[in-house]
Amino acid sequence: MTGKDELMTLPKLADHDITQLREVADRIATLIQRNSDGSGGLPRFVEALRQSGPIAELLIEYSVRWFNDSNGESVLLSPELYWVLTETVPPEERGTAGEGLGQAGMNCHPVTRTRQMLLICVLEKLSTRPWRPETPEEAAAMVKRRYSDTARPVLPTRATQQPVGVEGVITTAQFP
């Protein structure tokens, strides 16, 4: 086997299944709606969608929260959708806005389009719930804290109790 043969790739899809995106968006909207620890909620999700590294970290965090909150009975998203959403967009195919939320349109990269569609589906789900976004001042303060010169990236901590009947609860602390 050559090095090229060893790479794991999935077929490039023009658009991901909208039904699956809506199901995942409903779960993400639930987690954003439950956000009470000051970790940014919707602004953090939107910012993470821009590049493969941050969205991978956030999807892992959300997946752990969803798995624990459902007592191990449900997962946030499939491995295939995780793969698609966290794929790195090649530099030559990035828009001027960066990797993930570049120009919308028919000619954007499939990963970019899937991330955009997920964001639209999350907004669609949040619009039907008794949820209000952070004020612009709160969002600006969160961005300033996160991206100041002295800021250190830290995943928000969350006190969890082990659900009854579930062994080995996964926590975000297990992922460096």
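Note that numbering that gives the first Met the number 0 has the sequence shown beginning at 0, numbered continuously upward.
Even for Gly, the Cβ is constructed at its ideal location relative to N, Cα and C.
All values derive from a computational prediction rather than experimental measurement.
In this structure, how does DSSP classify residue i when only helix, strand and coil are distinguished?
{"i": "residue 70", "result": "coil"}
{"i": "residue 126", "result": "coil"}
{"i": "residue 33", "result": "helix"}
{"i": "residue 86", "result": "coil"}
{"i": "residue 18", "result": "helix"}
{"i": "residue 50", "result": "coil"}
{"i": "residue 62", "result": "helix"}
{"i": "residue 76", "result": "coil"}
{"i": "residue 120", "result": "helix"}
For residue i, is the classification buried or exposed, using 16 other Cβ atoms within 10 angstroms of its Cβ as the cut-off for buried?
{"i": "residue 42", "result": "buried"}
{"i": "residue 67", "result": "buried"}
{"i": "residue 127", "result": "exposed"}
{"i": "residue 33", "result": "exposed"}
Of the choices the options, whose alpha-carbon is the least far from that of residue i?
{"i": "residue 58", "options": "32, 27, 110", "result": "27"}
{"i": "residue 81", "options": "110, 136, 89", "result": "110"}
{"i": "residue 19", "options": "75, 31, 89", "result": "75"}
{"i": "residue 31", "options": "50, 79, 52, 62", "result": "62"}
{"i": "residue 78", "options": "49, 45, 55, 88", "result": "55"}
{"i": "residue 60", "options": "70, 44, 50", "result": "44"}
{"i": "residue 53", "options": "87, 70, 29, 91", "result": "87"}
{"i": "residue 29", "options": "50, 113, 51, 69", "result": "69"}
Quick check: what's the CA-CA separation for residue i versus residue j?
{"i": "residue 72", "j": "residue 107", "result": "36 Å"}
{"i": "residue 116", "j": "residue 21", "result": "9 Å"}
{"i": "residue 16", "j": "residue 83", "result": "12 Å"}
{"i": "residue 125", "j": "residue 136", "result": "20 Å"}
{"i": "residue 129", "j": "residue 64", "result": "21 Å"}
{"i": "residue 120", "j": "residue 51", "result": "19 Å"}
{"i": "residue 40", "j": "residue 91", "result": "31 Å"}
{"i": "residue 113", "j": "residue 85", "result": "10 Å"}
{"i": "residue 98", "j": "residue 49", "result": "Because the pLDDT at residue 98 is just 47, under 50, the model does not fix this residue reliably, and the point stays unresolved."}
{"i": "residue 89", "j": "residue 118", "result": "21 Å"}
Is any heavy atom of the ligand GDP found at a distance shorter than 7 Å from the C-beta of residue i?
{"i": "residue 47", "result": "The ligand GDP is not part of this structure, which contains no ligands at all."}
Under 8 Å between the Cβ atoms of residue i and residue j?
{"i": "residue 123", "j": "residue 24", "result": "yes"}
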